[in-house]
Each structure stands twice: as structure tokens, then as C-alpha cells.
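The sequence shown: position 34 = 618 (this note's numbering), numbered continuously.
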Amino acid sequence: MEKIIEATDISKIYGSHYVGKNVTNNPIADVFQAKIAEVINKVPTTVALDHVDLTVHRGDFVCIMGPSGSGKTTLLNAISTIDPPTKGKVLIEGKNIKKMGDIEIGNFRHQYLGFIFQKFNLLENLTVFENIAIPLTIAKTSDKEIETRIFDIADKVGIKELLDKYPTECSGGQCQRVAIARALITNPKLIVADEPTGNLDSKNSHEILQLLKKLNKEEGVTILMVTHDSMIASYAKRLLFIMDGKIAQVLDRGDMKQKEFYHQIMEITSHEAMELLEDEE
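Structure, rendered in C-alpha cells:
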């Protein structure tokens with residue numbers, strides 16, 4: 585099966601990891617540099633990701649799950665070029681993102697990635713049609729093709745009747761559908777979704793997740809999603825539990841029904857929670 589993402593031995597370290605080097609052969613500059621290193625190296629470091637490996641194949645629906653501070657969003661950001669890892673290698677479609685410059689990264693994101701966030705990030709002074717069209721307008725796509733592609737994607741995500749409305753005239757669920765349409769409009773290789781239902785009620789959350797599930801199953805859209813919620817995670821095909829910056833467990837849905845998968849997720853998360861509790865004396 586074709587690999588979309590291949591992340592190998594990636595770590596993300598925040599804080600100081602500066603080492604002074606004698607690069608000038610100038611005694612004064614060398615002393616000054618050594619003093620900088622001495623001060624900086626006193627700042628404690630935080631290891632947010634610790635030697636993580638991750639592979640995502642075409643057509644996968646993978647969920648990264650963990651509690652707050654576990655490293656799940658850091659992992660998503662490291663893979664999706666938002667905040668590249670300190671160490672290790674990330675290949676997307678065989679391209680090493682750590683070797684790209686800023687301009688190349690921007691072009692790469694536009695061509696290969698679609699982003700869905702907890703906040704919809706829609707421009708309120710633009711119509712739904714115009715919001716969805718932004719990536720195509722930037723790419724200087726013809727007006728005729730923009731119209732064709734927007735009508736097609738609007739039909740798929742169920743927002744054709746909203747195209748002339750403004751975001752302020754739409755519900756939260758509708759706004760997230762618009763954000764999904766915008767993420768899909770460039771036909772990206774990978775959809776990156778960070779807590780995509782975090783601002784929605786349970787009914788709209790279910791509808792958005794059913795839509796993502798349908799897009800994955802019927803359109804072959806590859807999805808990498810982050811959540812802390814067991815119910816949301818049960819919509820995925822494969823689940824990665826992350827704790828303290830490390831992949832603690834991997835769970836494949838296989839032929840399980842969603843309800844069975846959900847109960848298995850709950851069993852694992854409950855066990856993890858119990859292990860964190862201390863016995864009463």
C-alpha cells in the first residue's frame with residue numbers, strides 16, 4: 585500500500601539545546617559565544633516528542649489520541665510542516681519536509697495538504713463561495729474552473745444552498761462544513777484535522793464526523809486527525825495513543841463495528857487513567 589507519510593524517529597525539543605562552537609578563531613568572539621552558551625544551556629528543555637515513528641498509507645483514517653500535554657498536537661504539527669521536528673525525518677509523498685525552504689514549504693502545503701481546525705478560520709467579510717475559493721484564487725485558477733470545483737465540492741459536503749451566505753449567517757456545523765470544503769478544494773494528498781469538532785455540539789459533531797468518514801470511504805480521502813475524545817476517535821480506522829511524547833499503543837479497528845471499537849478504546853483509556861491514580865493509604 586502506498587505511503588503518504590513516513591515519519592522516522594522524530595523528536596521535538598523545546599527550550600535550550602545550544603552548543604557553543606569555535607567557528608571564528610577570534611578569541612574575543614569565542615569567549616562571548618561561550619558565555620551565551622553557558623546562559624542558554626541553563627534553561628531547562630522540554631521533550632514534547634520522544635523518538636516517534638508513524639506511517640500513514642493512502643486511504644487511511646488515522647487518529648492520534650491522548651490527554652492534554654501528551655504531545656498529540658505537537659506530533660500533528662511536526663508532520664504537517666507547521667512546526668517541524670527537532671530530530672528525525674518526515675517524508676510526505678517521499679519528500680523530506682525538513683529540507684524545504686519557506687517558499688517551498690508554502691507551495692508544498694498548498695499542493696499536498698488540507699487543514700481543518702477547531703476554529704473554522706473563515707473570513708467573515710467573504711461569502712461561503714469566496715472562502716472556499718481562496719486556495720484556488722491564490723493558485724490563479726481560472727474563474728470557470730473555480731466555479732466548477734466549488735459546486736462539485738459543495739454538493740459533496742452538503743452546503744450548495746450556503747454558497748451566497750456569509751459565515752455569520754451560518755451555524756457552527758455549517759461553518760465547519762465550509763472549512764472542510766475549503767480544505768478539500770485543492771484535492772490534497774492528506775487532510776490534517778486538529779480537534780475538528782471541538783467547537784460543535786454533539787449533534788453537529790456526529791454529522792461532521794460522519795461526513796469525514798464518508799469522504800474517506802467513498803472518495804478515498806486520507807485523514808490524520810487529533811482528538812482527546814474516545815467517541816470521536818471511534819470514527820477512525822486506526823488509533824495511536826500518545827502519552828508523554830511517546831506512542832504508547834496502536835489500535836486497529838479492522839472488522840470491528842464502531843460501537844465495539846469505541847468500547848475497546850474506552851477500556852484502554854480507562855486502564856491508562858487507573859494506572860495514573862495512586863492507591864489510597
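Quick reminder that beta carbons are idealized off the backbone N, C-alpha and C, glycines included. Model, not experiment: these values are computed from the prediction.
| Query | Result |
| --- | --- |
| Assigned secondary structure, H635 (DSSP; H/G/I helix, E/B strand, else coil) | strand |
| Integer-rounded CB distance, given that I826 should sit under 8 Å from S664 | Contact flag wrong, Cβ pair sits at about 15 Å. |
| Through-space distance from K728 to Y819, alpha-carbon basis | 36 Å |
| Distance between I589 and A777 (C-alpha atoms, nearest Å) | 15 Å |
| Chain-order list of residues whose beta-carbon lies under 8 Å from that of E791 (same chain, five-residue window excluded) | G757 |
| Length at least 4, wholly inside the segment 743-789: the alpha helix (DSSP H) runs in chain order | 756-768 |
| Which of helix, strand or coil DSSP assigns to V674 | strand |
| Among L795, P780, C647, N788, the one whose alpha carbon lies nearest that of K740 | L795 |
| Rounded C-alpha distance that separates E677 from N661 | 17 Å |
| Three or more C-beta pairs below 8 Å linking the segment 768-787 and the segment 807-819 | yes |
| Rounded straight-line distance, which links the Cα of S595 to that of S652 | 18 Å |
| Straight-line Cα distance separating I716 from A765 | 6 Å |
| Cβ separation of H635 and D686, assumed to be a contact under 8 Å, to the nearest whole Å | 27 Å between Cβ atoms; not a contact. |
| Environment of L591 [buried if 16+ CB atoms lie within 10 Å] | The residue asked about is misnamed: residue 591 is Ala in this sequence, not Leu. It counts as buried. |
| Residue span of the beta strand (DSSP E) that contains R822, given as start and end | 822-827 |
| Neighbourhood of C759 by C-beta distance below 7 Å, restricted to the same chain and skipping five residues each side | F704, L706, P751 |
| Residues sharing a beta bridge with D836, DSSP | R822 |
| Nearest candidate by alpha-carbon position, reference P772, set F845, I737, Q833 | I737 |
| Alpha-carbon to alpha-carbon, D637 and V834 | 11 Å |
| Strand pairing of N680, partner residues [DSSP] | L675 |
| Nearest-angstrom beta carbon gap, L793 and I816 [assumed within contact, 8 Å] | 6 Å |
| Sub-9 Å separation of F713 and D748 beta-carbons | yes |
| Alpha carbon of N783 to alpha carbon of K587, nearest angstrom | 32 Å |
| L557 versus T725: straight-line alpha-carbon distance, rounded | Outside the modelled stretch of the chain, which goes from 585 to 865, sits residue 557, for which no answer is possible. |
| Contact check, I597 vs T670, beta carbons under 9 Å | yes |
| CB contact flag (I849, L824, <9 Å) | no |
| Three-state class that DSSP yields for E590 in the structure shown | strand |
| Burial state of M585 (16 or more Cβ within 10 Å) | exposed |
| For E745 and E851, the rounded distance between their alpha carbons | 42 Å |
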